[in-house]
Amino acid sequence: MWEIYDHLITQIPENLIVEDCLVGQHWALVRSLTSGLAMTISESGCQHCSTNAGGITGMRVRRLAEEVKSWNFFNATLGVAAINSVLNTPQRVEEITGCSIADQQEGDAFEFFEELMRGKKVAVVGHFPGLSKFAGICELSILERNPQPGDFPDTACEDLLPRQDVVFITGVTMINKTLPRLLELSKGAFVVLVGPSTPLAPFLFDYGVDVLSGTVVVDDAVWRVAAEGGTRHIFDHGALRFNIKNSLVVGC
1 MWEIYDHLIT
11 QIPENLIVED
21 CLVGQHWALV
31 RSLTSGLAMT
41 ISESGCQHCS
51 TNAGGITGMR
61 VRRLAEEVKS
71 WNFFNATLGV
81 AAINSVLNTP
91 QRVEEITGCS
101 IADQQEGDAF
111 EFFEELMRGK
121 KVAVVGHFPG
131 LSKFAGICEL
141 SILERNPQPG
151 DFPDTACEDL
161 LPRQDVVFIT
171 GVTMINKTLP
181 RLLELSKGAF
191 VVLVGPSTPL
201 APFLFDYGVD
211 VLSGTVVVDD
221 AVWRVAAEGG
231 TRHIFDHGAL
241 RFNIKNSLVV
251 GC
(Lines of atoms letter the chains of each structure in order from A and count residues from 1; the text may use other names and numbers.)
(Lines give C-alpha, C1' and ligand atoms only; values in the text may rest on other atoms or scores of the structure.)
Protein backbone atom coordinates (compact mmCIF):
# COMPACT_ATOMS: atom_id res chain seq x y z
CA MET A 1 0.00 0.00 0.00
CA TRP A 2 3.00 2.30 0.34
CA GLU A 3 3.70 2.82 -3.36
CA ILE A 4 1.76 6.08 -3.60
CA TYR A 5 3.34 7.41 -0.41
CA ASP A 6 6.88 6.52 -1.43
CA HIS A 7 6.35 8.18 -4.80
CA LEU A 8 5.16 11.37 -3.10
CA ILE A 9 8.20 11.44 -0.84
CA THR A 10 10.57 11.14 -3.81
CA GLN A 11 9.00 14.32 -5.25
CA ILE A 12 10.52 16.35 -2.40
CA PRO A 13 14.06 17.75 -2.92
CA GLU A 14 16.64 16.66 -0.35
CA ASN A 15 17.93 20.14 0.49
CA LEU A 16 14.76 22.07 1.37
CA ILE A 17 14.29 23.19 4.98
CA VAL A 18 11.05 23.75 6.90
CA GLU A 19 10.86 27.50 7.51
CA ASP A 20 7.78 27.50 9.73
CA CYS A 21 5.00 25.27 10.99
CA LEU A 22 1.59 25.82 12.55
CA VAL A 23 -1.05 23.38 13.76
CA GLY A 24 -4.50 24.88 14.22
CA GLN A 25 -7.69 23.18 15.33
CA HIS A 26 -8.73 22.53 11.74
CA TRP A 27 -5.69 23.15 9.53
CA ALA A 28 -1.97 22.46 9.68
CA LEU A 29 0.51 24.55 7.68
CA VAL A 30 4.13 24.00 6.72
CA ARG A 31 6.19 26.63 4.92
CA SER A 32 9.02 25.80 2.50
CA LEU A 33 8.69 26.70 -1.21
CA THR A 34 5.18 27.89 -0.34
CA SER A 35 2.67 27.25 2.43
CA GLY A 36 1.34 23.70 2.36
CA LEU A 37 -2.04 22.88 3.89
CA ALA A 38 -3.51 19.72 5.39
CA MET A 39 -6.55 19.07 7.54
CA THR A 40 -5.63 18.48 11.16
CA ILE A 41 -6.62 15.00 12.33
CA SER A 42 -5.43 13.03 15.34
CA GLU A 43 -7.77 10.06 15.60
CA SER A 44 -5.12 7.36 16.04
CA GLY A 45 -5.89 6.32 19.59
CA CYS A 46 -3.88 8.15 22.24
CA GLN A 47 -1.46 9.66 19.73
CA HIS A 48 -2.88 13.18 19.77
CA CYS A 49 0.38 15.10 19.56
CA SER A 50 3.36 15.51 17.28
CA THR A 51 6.35 13.46 18.32
CA ASN A 52 8.50 16.01 16.45
CA ALA A 53 7.29 19.07 18.38
CA GLY A 54 10.09 21.54 19.02
CA GLY A 55 12.18 20.26 16.15
CA ILE A 56 10.07 20.78 13.04
CA THR A 57 11.22 24.26 12.04
CA GLY A 58 14.68 23.76 10.55
CA MET A 59 14.01 20.10 9.74
CA ARG A 60 14.54 18.91 6.19
CA VAL A 61 11.22 19.01 4.36
CA ARG A 62 11.78 15.53 2.98
CA ARG A 63 12.28 14.16 6.48
CA LEU A 64 8.98 15.70 7.59
CA ALA A 65 7.30 14.47 4.39
CA GLU A 66 8.22 10.90 5.38
CA GLU A 67 5.78 11.26 8.27
CA VAL A 68 2.97 10.82 5.73
CA LYS A 69 3.50 7.09 6.34
CA SER A 70 3.12 7.42 10.12
CA TRP A 71 0.21 5.77 11.93
CA ASN A 72 0.31 8.73 14.29
CA PHE A 73 -2.14 10.77 12.25
CA PHE A 74 -0.98 14.02 13.82
CA ASN A 75 2.50 13.36 12.42
CA ALA A 76 0.98 12.24 9.11
CA THR A 77 -0.98 15.49 8.88
CA LEU A 78 2.28 17.43 9.05
CA GLY A 79 3.80 15.07 6.49
CA VAL A 80 1.06 15.92 4.00
CA ALA A 81 1.39 19.65 4.72
CA ALA A 82 5.13 19.34 4.07
CA ILE A 83 4.51 17.60 0.75
CA ASN A 84 1.98 20.25 -0.25
CA SER A 85 4.44 23.02 0.63
CA VAL A 86 6.48 21.77 -2.33
CA LEU A 87 3.87 20.44 -4.76
CA ASN A 88 0.96 22.88 -4.34
CA THR A 89 2.51 26.07 -5.69
CA PRO A 90 1.19 28.54 -8.30
CA GLN A 91 4.18 27.76 -10.51
CA ARG A 92 3.47 24.05 -10.39
CA VAL A 93 -0.19 24.55 -11.32
CA GLU A 94 0.94 26.51 -14.36
CA GLU A 95 3.50 23.84 -15.29
CA ILE A 96 0.97 21.02 -15.03
CA THR A 97 -1.81 22.78 -16.90
CA GLY A 98 0.10 24.92 -19.36
CA CYS A 99 -2.11 27.86 -18.35
CA SER A 100 -1.28 30.91 -16.30
CA ILE A 101 -2.96 31.20 -12.92
CA ALA A 102 -4.77 34.32 -14.16
CA ASP A 103 -6.46 32.30 -16.94
CA GLN A 104 -7.72 29.51 -14.73
CA GLN A 105 -11.06 29.12 -13.03
CA GLU A 106 -10.84 28.60 -9.29
CA GLY A 107 -13.48 27.21 -7.00
CA ASP A 108 -15.44 24.38 -5.46
CA ALA A 109 -15.01 20.96 -7.09
CA PHE A 110 -18.62 19.91 -6.53
CA GLU A 111 -19.90 22.98 -8.33
CA PHE A 112 -17.48 22.38 -11.20
CA PHE A 113 -18.79 18.86 -11.69
CA GLU A 114 -22.47 19.49 -11.03
CA GLU A 115 -23.47 18.60 -14.59
CA LEU A 116 -21.30 15.48 -14.53
CA MET A 117 -23.11 14.39 -11.36
CA ARG A 118 -26.59 14.94 -12.76
CA GLY A 119 -28.57 11.69 -12.99
CA LYS A 120 -25.60 9.61 -11.81
CA LYS A 121 -24.77 7.47 -8.82
CA VAL A 122 -22.39 9.68 -6.84
CA ALA A 123 -20.48 8.82 -3.67
CA VAL A 124 -18.56 11.31 -1.56
CA VAL A 125 -16.01 9.98 0.92
CA GLY A 126 -16.01 12.67 3.60
CA HIS A 127 -18.92 14.88 4.64
CA PHE A 128 -18.14 18.17 2.89
CA PRO A 129 -20.23 21.28 3.64
CA GLY A 130 -23.05 22.05 1.23
CA LEU A 131 -23.54 18.58 -0.25
CA SER A 132 -27.27 18.55 0.46
CA LYS A 133 -27.96 20.86 -2.49
CA PHE A 134 -26.73 18.16 -4.89
CA ALA A 135 -28.99 15.43 -3.49
CA GLY A 136 -31.78 16.42 -5.86
CA ILE A 137 -29.77 15.97 -9.04
CA CYS A 138 -28.12 12.60 -8.40
CA GLU A 139 -28.28 9.43 -6.32
CA LEU A 140 -25.97 10.74 -3.60
CA SER A 141 -24.25 8.60 -0.97
CA ILE A 142 -22.03 10.22 1.66
CA LEU A 143 -19.55 8.04 3.52
CA GLU A 144 -18.13 9.45 6.73
CA ARG A 145 -15.94 8.14 9.56
CA ASN A 146 -18.11 10.09 12.01
CA PRO A 147 -21.50 9.81 10.25
CA GLN A 148 -24.08 12.56 10.37
CA PRO A 149 -27.79 11.76 9.91
CA GLY A 150 -28.26 10.25 6.46
CA ASP A 151 -24.58 9.36 6.01
CA PHE A 152 -23.19 5.88 5.58
CA PRO A 153 -20.31 4.78 7.81
CA ASP A 154 -17.06 4.79 5.86
CA THR A 155 -16.88 0.99 6.17
CA ALA A 156 -19.73 0.84 3.64
CA CYS A 157 -17.16 1.71 0.96
CA GLU A 158 -16.58 -1.97 0.16
CA ASP A 159 -20.21 -2.31 -0.92
CA LEU A 160 -21.01 1.14 -2.31
CA LEU A 161 -17.98 2.37 -4.25
CA PRO A 162 -17.83 -0.38 -6.92
CA ARG A 163 -21.40 0.60 -7.94
CA GLN A 164 -20.82 4.35 -8.40
CA ASP A 165 -20.47 6.46 -11.54
CA VAL A 166 -18.66 9.34 -9.81
CA VAL A 167 -16.63 9.21 -6.58
CA PHE A 168 -15.24 12.20 -4.68
CA ILE A 169 -12.57 11.20 -2.16
CA THR A 170 -11.32 13.57 0.52
CA GLY A 171 -7.58 14.16 0.56
CA VAL A 172 -7.69 13.30 4.27
CA THR A 173 -7.66 9.65 3.17
CA MET A 174 -4.01 10.23 2.34
CA ILE A 175 -3.46 10.84 6.06
CA ASN A 176 -5.52 7.96 7.45
CA LYS A 177 -4.08 5.49 4.90
CA THR A 178 -7.41 4.49 3.32
CA LEU A 179 -6.72 6.11 -0.08
CA PRO A 180 -5.09 3.11 -1.82
CA ARG A 181 -8.03 0.82 -1.04
CA LEU A 182 -10.61 3.46 -1.92
CA LEU A 183 -8.99 3.91 -5.34
CA GLU A 184 -9.10 0.16 -5.91
CA LEU A 185 -12.80 0.09 -5.08
CA SER A 186 -13.52 3.07 -7.36
CA LYS A 187 -11.88 1.73 -10.53
CA GLY A 188 -15.12 1.86 -12.49
CA ALA A 189 -15.91 5.45 -11.56
CA PHE A 190 -14.82 8.97 -12.42
CA VAL A 191 -12.67 9.83 -9.38
CA VAL A 192 -12.00 13.27 -7.93
CA LEU A 193 -9.45 13.58 -5.11
CA VAL A 194 -10.62 16.71 -3.34
CA GLY A 195 -9.78 19.06 -0.50
CA PRO A 196 -6.85 21.08 0.87
CA SER A 197 -4.97 17.91 1.85
CA THR A 198 -4.81 16.81 -1.81
CA PRO A 199 -1.28 16.91 -3.28
CA LEU A 200 -1.11 18.27 -6.83
CA ALA A 201 0.85 15.25 -8.03
CA PRO A 202 -0.04 14.19 -11.60
CA PHE A 203 1.35 10.66 -11.10
CA LEU A 204 -1.84 10.02 -9.10
CA PHE A 205 -3.66 9.85 -12.44
CA ASP A 206 -1.88 6.51 -12.93
CA TYR A 207 -3.60 5.18 -9.80
CA GLY A 208 -7.14 5.91 -10.96
CA VAL A 209 -7.57 9.57 -10.01
CA ASP A 210 -9.20 11.56 -12.82
CA VAL A 211 -9.13 15.00 -11.20
CA LEU A 212 -6.90 16.55 -8.55
CA SER A 213 -8.91 19.21 -6.73
CA GLY A 214 -6.28 20.72 -4.47
CA THR A 215 -5.50 24.01 -2.79
CA VAL A 216 -2.73 26.56 -3.32
CA VAL A 217 -1.97 29.17 -0.66
CA VAL A 218 -1.21 32.59 -2.14
CA ASP A 219 -1.60 34.80 0.95
CA ASP A 220 -0.13 34.49 4.43
CA ALA A 221 -3.51 35.53 5.83
CA VAL A 222 -4.32 31.81 5.71
CA TRP A 223 -1.91 31.31 8.61
CA ARG A 224 -3.88 33.69 10.82
CA VAL A 225 -7.17 32.04 9.87
CA ALA A 226 -5.75 28.62 10.79
CA ALA A 227 -4.31 29.94 14.06
CA GLU A 228 -7.67 31.46 14.97
CA GLY A 229 -9.59 28.22 14.41
CA GLY A 230 -11.12 29.03 11.02
CA THR A 231 -12.52 26.36 8.72
CA ARG A 232 -13.72 27.34 5.24
CA HIS A 233 -12.67 30.92 5.99
CA ILE A 234 -9.32 30.01 4.41
CA PHE A 235 -10.94 30.23 0.98
CA ASP A 236 -11.71 33.91 1.57
CA HIS A 237 -8.16 34.69 2.70
CA GLY A 238 -5.82 33.36 0.03
CA ALA A 239 -6.40 29.61 -0.28
CA LEU A 240 -7.28 28.97 -3.93
CA ARG A 241 -8.91 25.76 -5.19
CA PHE A 242 -7.88 24.33 -8.56
CA ASN A 243 -9.38 21.35 -10.40
CA ILE A 244 -6.78 19.65 -12.56
CA LYS A 245 -7.99 16.93 -14.92
CA ASN A 246 -5.48 14.84 -16.84
CA SER A 247 -3.00 17.74 -16.88
CA LEU A 248 -5.67 20.22 -17.99
CA VAL A 249 -7.26 22.54 -15.48
CA VAL A 250 -11.02 22.42 -15.76
CA GLY A 251 -12.33 25.57 -17.37
CA CYS A 252 -8.96 26.81 -18.60
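So for the sequence shown, UniProt numbering puts the first residue at 1; every next one is plus one.
Note that CB positions come from ideal geometry on N, CA and C, so glycine has one too.
Computed from a prediction, not measured in an experiment: that's the story for all the values here.
By how many angstroms is the C-alpha of residue j removed from the C-alpha of residue i?
i, j, result
"glutamine 11", "proline 199", "11 angstroms"
"glutamate 139", "valine 122", "6 angstroms"
"phenylalanine 74", "glutamate 66", "13 angstroms"
"residue 334", "valine 167", "In the structure as shown, the chain starts at 1 and stops at 252, and residue 334 therefore has no counterpart that could be examined."
"valine 93", "valine 192", "17 angstroms"
"isoleucine 96", "arginine 31", "21 angstroms"
"tryptophan 223", "glycine 230", "10 angstroms"
"phenylalanine 235", "threonine 215", "9 angstroms"
With distances taken Cα to Cα, identify the nearest neighbour of residue i among the options.
i, options, result
"lysine 120", "Thr155, Trp2, Phe190 and Pro90", "Phe190"
"tryptophan 27", "Glu19, Cys21 and Leu37", "Leu37"
"glutamine 148", "Val166, Glu158, Val125 and Leu161", "Val125"
"residue 298", "Thr173, Ile17 and Arg232", "Residue 298 is absent from the structure shown; the chain starts at 1 and stops at 252."
"lysine 133", "Arg145, Gly230 and Arg118", "Arg118"
"threonine 77", "Gly55, Gly58 and Met39", "Met39"
"leucine 161", "Arg181, Met174 and Glu3", "Arg181"
"cysteine 49", "Arg60, Gly24, Arg62 and Arg63", "Gly24"
Report the partner residues of residue i according to the DSSP bridge assignment.
i, result
"valine 124", "Ile142 and Phe168"
"arginine 62", "Beta-bridge pairing links arginine 62 to no other residue."
"alanine 239", "Val217"
"proline 149", "Looking at the DSSP assignment, proline 149 forms no beta bridge with any residue, so it has no partner."
Within this structure, are the beta carbons of residue i and residue j separated by less than 8 angstroms?
i, j, result
"leucine 33", "valine 86", "yes"
"aspartate 210", "histidine 237", "no"
"proline 90", "isoleucine 101", "yes"
"glycine 58", "isoleucine 9", "no"
"isoleucine 137", "glutamate 111", "no"
"serine 213", "alanine 109", "yes"
"valine 172", "isoleucine 41", "yes"
According to the neighbour-count rule (16 or more other Cβ atoms, all chains shown, within 10 Å of its Cβ), is residue i buried or exposed?
i, result
"glutamine 164", "buried"
"aspartate 206", "exposed"
"threonine 155", "exposed"
"proline 196", "buried"
"lysine 245", "buried"
"alanine 239", "buried"
"methionine 1", "exposed"
"threonine 178", "buried"
"glutamine 105", "exposed"
"cysteine 157", "buried"
Does any CB atom of chain D fall closer than 8 angstroms to the CB of residue i?
i, result
"glutamate 184", "Of the chains in the structure shown, none is chain D; there is only one protein chain."
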